[in-house]
Amino acid sequence: MCPSHPAPESPNVLKNNTFVGWLMALPIMAVLMFFLVLPIIMIVIVSFWQATEFSIVPAFVWENYEFLFGSNVTYRVFLNTFKYAAITWAFTLGIGFTVAYFLAFHVRSLTWQIVLFLLCTIPFWTSNIIRMISWIPFLGRNGIANSTLISWGVIDAPLEWLLFSDFAVILAFVHLYTLFMVVPIFNTMMRIDKSLIEAARDAGASGAQILWNVIIPLTKPGIMIGTIFVVTLVMGDFITVRFMSGSQSANVGRLISNDIALLAYPSASATAVVLLLTVLIVIGILLRFVDIRKEL
Amino acid sequence: MTAQIKELELVSVTKRYGATVAVDAISHKFRPGGYACLLGPSGCGKSSTLRMIAGHEIVSDGTILLGGADISELPPAKRGTAMMFQNYALFPHLSVAENVAFSLKMRGVDKRERLAKAGEMLELVDLSVLSDRLPDQLSGGQQQRVALARALITRPQVLLLDEPLSALDPFLRIRMRGELRKLQRELGISFIHVTHGQDEALALADEIVVMNDAVIEQAGTAREVFNAPTTAFVAQFIGGHNVIALPDGHFAIRSDAIGIAAPDAGAMQGNILGVEYQGAHVSVSAMIAGDQEVSALVPEGDFFDNPLNPGDQVGLIWDPANLHKLTA
């Protein structure tokens, strides 16, 4: 844990661990500074600017925020965003945990684990948008799902809620983001010492008891990392909601993208800042529950 | 506390992994309430044997009997055995007390009662003060005691220990083996301890079962096995022996039963290869007829009364009663 420090009186500056450490961190710090911190600062600055129908004026006014918090739409859209995040989280967690559990504990040989894991990633060789759009012919009024169900006699008329609905949005989210849950959970599960499971069995634990008392507690950090991925991705998304709801539902991402389309950059920036803070608060709350440092 | 110690018996127990046979039809009766060591090189089948007794490996063929009842099909917790794992396998997310109480929790014992029981077990292994710590915060020796307490809380008839001392440093290893022995005497239950260290087996065991190539080579008390090895493998593995081919067969003889005399006085002539000072003894290795290397342990005082150097011709003497004929 404690790195041994060289003699402090060493005259050579390169022997100073602190200095060398900072030096080695410099490239990534420069990259993050330029591509992450600087743009965020820009957004924060722009969010205080003033906008009229035809111009954007550098200023320091709160009117973008006042408008945002004064509008009923904002609250409904944020609530909708949370709803998507929560439902998507529940499904990706359920599916992701099951898949990871199967891979980690039921597939015995490492070769098969790798093969099946790669199989999970194959859909990711195509773009998000293509994978999303490919649902449209499947779910549409005369799509494969409806025509199959009709030919089986399960339904008489096409189901209208399959496409361009919250169902379609969440289906697409789950499809797109389950792997982000599988990977960290699988990773944590692979680090669980198999002899712990034998020890639990030796102590008389049933399969369900092992799952509840040993595997789930030890997988919590992986679950938390997956949760952070899924929640941030869903909360920041706008294209999935637009395509899959047929522009009938909105989330915060769409609010921002609409503002940008109208060149209302200050308003878009203010919404973005509020969204960023919201997501950070959510992550902050999540991290209070589980210590993920061991996984990093 | 345990009314009657049950006898553990293996009846032609076999373990096959595909085409390879890890344990080949071994039969053995362990002495009830004794400390038994399964001794052998890695890959000899000793761990598979232990894991079959514990119920963590399925027996391919044969039967395991405890007190006359067939336990080979029972789940691990129903057998009356408990296992202590090589790396202790403590649950990293549970405190010491909760680790020890784990099997009671699985049986649905309520929290206060199971923590009280765990406290008693921790007292037995002298760890009461650390009951709130997490396993990560303990030293290797302390972790081992927690594992021991966790295995013993179910009051097993047989405690199975899979190389329990191999993760400890040499100093601690010697101390812990003393504690294991003491605990076994106090509890009066059977311990079966897997090890590849012959010194560990000799120091601990009432009964040593030497395994090699999936079969039992020899079983007996520590003195029997050390003083009268029946096969060349046992003689070599247990250490301190020479295996010599003589006109009427192969024999084992303890190194300290060989003396050194004048070149023409001994039972055999030898040419000294090396001399190694070992403190109380000096180990003298010599080449005898038939290109066989023999080592003799000579008491330090005797050696320096008449020092020898590599290349010297000597005679080796021994009492024929100390020669043990080997069957294989």
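Just so you know, the sequences run in chain order H and Z.
First residue of the first sequence? That's 11 in our numbering, and the numbers climb one at a time after it.
First residue of the second sequence? That's 925 in our numbering, and the numbers climb one at a time after it.
Don't be surprised by glycine CBs; every beta carbon is placed ideally from N, CA and C.
> Comparing the C-beta of Z/F1026 with each C-beta of chain H, is any distance below 7 Å?
Replying inline: Here residue 1026 of chain Z corresponds to residue number 102 of the second sequence, with the count starting at 1. At a cut-off of 7 Å, the C-beta of Z/F1026 has a neighbouring C-beta in chain H.
> Buried or exposed: where does H/W72 fall if 16 or more other Cβ atoms within 10 Å of its Cβ makes it buried?
Replying inline: Against the first sequence, residue 72 of chain H aligns to sequence position 62. Per the 10 Å Cβ criterion, exposed.
> Can you name the residues that DSSP bridges to Z/Y959?
Replying inline: Start at 1 with the first residue of the second sequence, and residue 959 of chain Z comes out as number 35. Looking at the DSSP output, Z/Y959 sits in a beta bridge with Z/F1115.
> Interface residues of chain Z around H/V224 at Cβ under 7 Å?
Replying inline: The count along the first sequence starts at 1 and reaches residue 224 of chain H at position 214. Result: F1015.
> H/G153 touches chain Z at which residues, Cβ-Cβ below 9 Å?
Replying inline: The residue labelled residue 153 of chain H in the question sits at position 143 within the first sequence. Listed along chain Z, no residue sits closer than 9 Å to H/G153 by beta-carbon distance, the nearest being about 47 Å off.
>> Nearest by alpha-carbon distance to H/L296: which of H/V240, H/F248, H/A278 is it?
In response: Position 286 of the first sequence, counting from 1, holds the residue named residue 296 of chain H. H/L296 has its Cα closest to that of H/V240, out of H/V240, H/F248, H/A278.
> Cβ of H/A155 within 7 Å of Cβ of H/M254?
Replying inline: The residue given as residue 155 of chain H occupies position 145 in the first sequence. The residue given as residue 254 of chain H occupies position 244 in the first sequence. Not a contact, by the Cβ cut-off of 7 Å.
> Z/K1041 and Z/E981 look like a contact to me (Cβ under 8 Å); what is the Cβ gap, rounded to whole Å?
Replying inline: If you number the second sequence from 1, residue 1041 of chain Z lands on position 117. If you number the second sequence from 1, residue 981 of chain Z lands on position 57. No, Z/K1041 and Z/E981 are not in contact; Cβ-Cβ is about 29 Å, not under 8 Å.
>> So, at 6 Å on beta carbons, what are the nonlocal neighbours of H/P16 in its own chain, with the 5 sequence-adjacent residues on each side left out?
In response: Locating residue 16 of chain H in the first sequence gives position 6, where the first residue counts as 1. With a pLDDT of 47 at H/P16, under the threshold of 50, the predicted position of this residue should be treated as unreliable, though the coordinate-derived value follows. Counting only residues of its own chain and dropping the five nearest sequence neighbours on each side, H/P16 has a CB closer than 6 Å to the CB of K25.
> Can you tell which of Z/L1083, Z/Q1067, Z/L1072 has the C-alpha that lies nearest to the C-alpha of Z/L1092?
Replying inline: By 1-based counting over the second sequence, the position of residue 1092 of chain Z is 168. Out of Z/L1083, Z/Q1067, Z/L1072, Z/Q1067 has the C-alpha closest to the C-alpha of Z/L1092.
>> By the 7 Å beta-carbon criterion, what residues does the segment 988-1015 of chain Z contribute toward chain H?
In response: Answer in chain order: P1000, A1001, A1006, M1007, F1009, N1011, A1013, F1015.
> Mind pulling the chain Z residues with CB within less than 9 Å of H/S119?
Replying inline: Along the first sequence, read from residue 1 onward, the residue named residue 119 of chain H stands at position 109. Those do not exist, as H/S119 stays about 13 Å from chain Z at its closest Cβ, beyond 9 Å.
> Just reading off the beta strand (DSSP E) that Z/N1246 is part of, what are its end residues?
Replying inline: Here the question's residue 1246 of chain Z lines up with position 322 in the second sequence. Here Z/N1246 belongs to no beta strand (DSSP E), and DSSP marks it neither H nor E.
> Ends of the alpha helix (DSSP H) at H/P194?
Replying inline: As a working mapping, residue 194 of chain H is identified with position 184 in the first sequence. H/P194 -> alpha helix (DSSP H) spans 176-200.
> How would you list, in chain order, the residues of chain H whose beta-carbon sits under 9 Å from the beta-carbon of Z/M1045?
Replying inline: As a first step, residue 1045 of chain Z is located in the second sequence; it is residue number 121 there, counting from the start. Listed along chain H, no residue sits closer than 9 Å to Z/M1045 by beta-carbon distance, the nearest being about 13 Å off.
>> What would DSSP say about Z/R1178, mapped onto helix, strand or coil?
In response: Taking the second sequence and counting its residues from 1, one reaches residue 1178 of chain Z at position 254. Residue state, collapsed to three classes: strand.
> In chain order, what residues of the same chain lie with their CB nearer than 7 Å to the CB of Z/L1247, ignoring the 5 residues before and after it?
Replying inline: The residue labelled residue 1247 of chain Z in the question sits at position 323 within the second sequence. Excluding sequence neighbours, Z/L1247 sits near F1175, I1177.
> Between Z/L1198 and Z/P1234, which are expected to be in contact by the criterion C-beta below 8 Å, what is the C-beta distance as a whole number of angstroms?
Replying inline: Position 274 of the second sequence, counted from the first residue, corresponds to residue 1198 of chain Z. Position 310 of the second sequence, counted from the first residue, corresponds to residue 1234 of chain Z. The amino acid at residue 1198 of chain Z is misidentified as Leu; the sequence shows Gly. Contact holds; Cβ gap of about 6 Å.
>> Considering only DSSP beta bridges, list what Z/G1194 is partnered with.
In response: Position 270 of the second sequence, counted from the first residue, corresponds to residue 1194 of chain Z. Looking at the DSSP assignment, Z/G1194 forms a beta bridge with Z/I1212, Z/V1238.
>> Short of 8 Å in beta carbon distance, which residues of its chain neighbour H/Y275, apart from the five on each side in sequence? Order them along the chain.
In response: Position 265 of the first sequence, counted from the first residue, corresponds to residue 275 of chain H. Answer for H/Y275: V56, W59, A61, I66, D269, listed in chain order.
> Count the other CB atoms within 10 Å of the CB of Z/M925; is the residue buried (16 or more) or exposed (fewer)?
Replying inline: Taking the first residue of the second sequence as position 1, residue 925 of chain Z is located at position 1. Low local confidence applies: a pLDDT of 43 at Z/M925 is under 50, so the model's placement there is unreliable, with the coordinate-based value given in what follows. Exposed is the call here.
>> Closer than 8 Å between beta carbons: that is the criterion. Which residues of the segment 207-237 of chain H meet it against chain Z?
In response: Going along the segment 207-237 of chain H in chain order, one finds E208, A209, A210, R211, D212, A213, G214, A215, S216, Q219, N223, V224, P227, L228 with a Cβ nearer than 8 Å to chain Z.
> Quick one: what's Z/E1200 bridged to in DSSP?
Replying inline: Translated into positions along the second sequence, residue 1200 of chain Z becomes position 276. DSSP lists Z/S1207 as partners of Z/E1200.
> Looking only at its own chain, which residues have a Cβ that is under 7 Å from the Cβ of H/L126, when we skip the five neighbours before and after it?
Replying inline: Counted from its first residue, the first sequence places residue 126 of chain H at position 116. Counting only Cβ-Cβ distances below 7 Å, and skipping sequence neighbours, we find L113, V117.
>> So within the segment 12-95 of chain H, which uninterrupted alpha helix (DSSP H) runs reach at least 4 residues, ignoring any that extend past its ends?
In response: Contiguous alpha helix (DSSP H) elements confined to the segment 12-95 of chain H occur at 27-42, 48-56, 73-80, taking only those with 4 or more residues.
> At a CB-CB cut-off below 7 Å, which residues of chain A make contact with Z/A978?
Replying inline: As a matter of chain content, chain A is missing from the structure shown, whose protein chains are H and Z.
>> Z/L1250 and Z/T1155 - do their beta-carbons sit closer together than 7 Å?
In response: As a first step, residue 1155 of chain Z must be located in the second sequence, where it is residue number 231. As a first step, residue 1250 of chain Z must be located in the second sequence, where it is residue number 326. Yes, they are a contact pair.
> Mind checking whether the beta-carbon of Z/L998 lies closer than 6 Å to any heavy atom of the ligand ATP?
Replying inline: Here there are no bound small molecules, and the ligand ATP is not part of this structure.
> Based on Cα-Cα distance, which residue from Z/L1072, Z/M1211, Z/G942, Z/I1098 lies nearest to Z/E1047?
Replying inline: One-based indexing of the second sequence puts residue 1047 of chain Z at position 123. Considering only alpha carbons, the answer is Z/L1072.
> Can the beta-carbon of Z/Q1193 be found closer than 7 Å to that of Z/D1086?
Replying inline: The residue given as residue 1193 of chain Z occupies position 269 in the second sequence. The residue given as residue 1086 of chain Z occupies position 162 in the second sequence. Not a contact, by the Cβ cut-off of 7 Å.
> From the DSSP output, which residues share a beta bridge with Z/H952?
Replying inline: Walking along the second sequence from the start, residue 952 of chain Z turns up at place 28. DSSP lists Z/L934 as partners of Z/H952.
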